[in-house]
Ligand code: PLP
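Laid out in structure tokens, this is it:
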């Protein structure tokens, strides 16, 4: 037999389903999760729509993936690193699990200058989403958690997966044992901490995905004080900090005392177009301890060494180039391009008399349709304009009546989307 004949025979055999089940029970926490993760769910709706209207020119302003090319200075550094791996002198295998020290220092210098964050407190990773899960593994199932409502779905879903949450309640759209901190129009998108229950962990994202709201210095001071008074740890997600265009803090460590109560996660994804390259980081300050005084950083180091083994060296070479003077300048131009898109989207919805938030400090525009279900609006826009958005409800019950529109896209598509939306809602 030729090897490929053998393969095709075994492949035919494996196609026959016998209905056999293993004796392995399904993880009860996985059973608690509601349907699919939001973004694959949006892709499914998108696919169904494309099958129904195969000739429509779809505009994707949904998932929030970057679209603009990565500046050449950055891809050249990655290519050079990759080519060197083919040489005896340039070959490198495993690197430090925590990341290349030059990159850790460059992150400290670029994003935390004058904030006293040291290179050894920065753990380079393959992205913020993976870090959220690693932090959850670090914390375990016995901690209580609070999230902004609406919020990026990975916080809640990873909480459910590690067993921090109770059952999902259909009536409220919330999981038991998770504190939802309402962030809506009524409270200027910042939670009322005077009525918020104490939890061990507070996930806080600023600028927020999906609302686009960046918390002010005063608000973050309140948050740090709240965490200190309650003995809580804040997990601060600053994935969109480079989109801030006003005086709002770009890092929780701009707030005095934050190093004793906060971890920060961040990413090259939206700042450098690295959604596919994969690179991020987490800052775990030396001063942050558990109730018994043990440094959280030491445990996080253990998690990273045991469960990760370090980010790709090619991606890290790209990361270093992003933080070079020229690389950073080139990336600022890309961020400005997306900001320009956000402005067009904000103006479009505002001109239709709708209440629009976000867009100024984040690549997301948050639009309110009072009295409507967010899935209804999502479907109407998809069916009538072939534009994919995200229904606000996908980010939690606080997102009802809203849709999130992403500013990631080619300018021509954004202008075309603006034209179609104006036609629909004129
Ligand atoms: N955090 C927030 C708030 C996000 O919006 C995203 C991605 O959209 C992530 C984290 C994940 O980033 P990464 O691509 O680095 O995993």
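Numbering (this note's numbering), first residue to last: 277 to 702.
Note that the Cβ used here is the ideal one computed from N, Cα and C, for glycine as well.
For residue i, the three-state DSSP class (helix, strand or coil)
| i | result |
| --- | --- |
| residue 429 | helix |
| residue 298 | coil |
| residue 324 | helix |
| residue 393 | coil |
| residue 489 | coil |
| residue 714 | Outside the shown range of the chain, which is 277 to 702, sits residue 714, and nothing can be said about it. |
| residue 540 | strand |
| residue 368 | coil |
| residue 692 | helix |
| residue 648 | coil |
| residue 471 | helix |
| residue 423 | strand |
| residue 571 | strand |
| residue 401 | strand |
| residue 605 | helix |
| residue 620 | helix |
| residue 285 | Low per-residue confidence applies at residue 285: pLDDT is 44, beneath 50, and the placement is therefore not dependable, though the value from the model is reported in the following sentence. Residue 285 falls in the helix class under three-state DSSP. |
Local Cβ density within 10 Å of residue i, reported as buried at 16 or more and exposed below that
| i | result |
| --- | --- |
| residue 423 | buried |
| residue 567 | exposed |
| residue 354 | buried |
| residue 574 | exposed |
| residue 471 | exposed |
| residue 526 | buried |
| residue 451 | buried |
| residue 485 | buried |
| residue 363 | exposed |
| residue 660 | exposed |
| residue 683 | buried |
| residue 320 | exposed |
| residue 481 | buried |
| residue 522 | exposed |
| residue 336 | buried |
| residue 570 | exposed |
Nearest residue (CA-CA) to residue i, options the options
| i | options | result |
| --- | --- | --- |
| residue 311 | 296, 427, 433, 392 | 433 |
| residue 469 | 506, 444, 443, 439 | 506 |
| residue 426 | 679, 555, 588 | 679 |
| residue 516 | 329, 546, 487 | 546 |
| residue 403 | 453, 513, 667, 649 | 513 |
| residue 462 | 644, 473, 652 | 644 |
| residue 705 | 413, 509, 618 | This structure leaves residue 705 out entirely; the chain is present only between 277 and 702. |
| residue 375 | 685, 400, 303 | 400 |
| residue 664 | 696, 378, 613, 599 | 696 |
| residue 306 | 509, 441, 317, 654 | 441 |
For residue j and residue i, believed in contact at Cβ under 8 angstroms, the rounded distance
| i | j | result |
| --- | --- | --- |
| residue 675 | residue 456 | With a Cβ gap of about 11 angstroms, residue 675 and residue 456 do not count as contacting. |
| residue 349 | residue 595 | Not really, about 13 angstroms apart at Cβ, beyond 8 angstroms. |
| residue 590 | residue 384 | That pair is no contact at about 22 angstroms. |
| residue 539 | residue 560 | 5 angstroms |
| residue 487 | residue 623 | The pair is not a contact, with the Cβ atoms about 18 angstroms apart (cut-off 8 angstroms). |
| residue 477 | residue 415 | 6 angstroms |
| residue 759 | residue 542 | Nothing can be reported for residue 759, as the shown portion of the chain is limited to 277 through 702. |
| residue 607 | residue 347 | 7 angstroms |
Any chain B beta carbon closer than 7 angstroms to residue i
| i | result |
| --- | --- |
| residue 613 | In summary, chain B is missing from the structure at hand, where a single protein chain is found. |
Report all residues for which the CB-ligand distance to some heavy atom of ligand 1 is below 5 angstroms; order them along the chain.
Counting only residues whose CB is nearer than 5 angstroms to a non-hydrogen atom of ligand 1, the list in chain order is 403, 404, 405, 428, 481, 485, 513, 515, 543, 545, 556.
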